[in-house]
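> Residue numbers (the working numbering): 30 to 155.
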């Protein structure tokens, strides 16, 4: 079992990495591995504060691929800062079409933990 001190040290290291990555790259990619029941997922932290873009989240891919997909998502937002949810974006991942949809804030607690910390609340789009 993790002690409170170990948990606090982990949080401090993660928060420091997030701040560093946002300063260096404009955003951070948080990767959450599969727990054997739920799939792995990854989400961005800092796209909203740095660029005014919605944060992105992606599920069910290999952890290495998740990171690449979110970088590609940022590049897509560079071209289409206000993506049309009724449109797909072909060839986003190979021959696959990707659609960007809004995440309901009711899900933020489940999926955007450090994003909520970084943004000091849930007042950010995803």
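The C-beta atom is built at its ideal place from N, Cα and C for all residues, glycine as well. Every value quoted in this text rests on a predicted model; they were computed, and no experiment measured them.
Who are the near neighbours of residue 48 in its chain, counting only those whose CB is closer than 7 Å to its CB and skipping five residues on each side?
So no residue of the chain qualifies.
> Just list the residues that DSSP pairs residue 1 with in beta bridges.
No answer is possible for residue 1: it lies beyond the span of the chain, which begins at 30 and ends at 155.
> Apart from the five residues just before and just after residue 93, which ones in its own chain have a Cβ nearer than 6 Å to its Cβ?
None.
> Which one of 89, 78, 57 has the shortest CA to CA distance from residue 68?
Residue 68 has its Cα closest to that of 89, out of 89, 78, 57.
> Report the CB separation of residue 85 from residue 102 in whole angstroms; it is logged as a contact under 8 Å.
The pair is a contact, with the Cβ atoms about 4 Å apart (cut-off 8 Å).
> Can you say whether residue 130 is buried or exposed, counting buried as having 16 or more other CB atoms within 10 angstroms of its CB?
Exposed is the call here.
> Just the C-alpha distance for residue 56 and residue 144, rounded to the nearest angstrom, thanks.
Spanning the two alpha carbons is a distance of roughly 11 Å.
> List the endpoints of the continuous alpha helix (DSSP H) containing residue 82.
No alpha helix (DSSP H) contains residue 82, which DSSP labels as neither H nor E.
> Which residue or residues does DSSP assign as beta-bridge partners of residue 125?
Residue 125 is bridged to 122.
> Check each candidate in 81, 99, 45 and name the one with the smallest Cα separation from residue 122.
Nearest option by C-alpha distance: 99.
> Under the assumption that residue 159 contacts residue 74 (Cβ atoms under 8 Å), give the Cβ distance between them as a whole number of angstroms.
Look at the range of the chain in this structure, 30 to 155, and you will see that residue 159 is not part of it.
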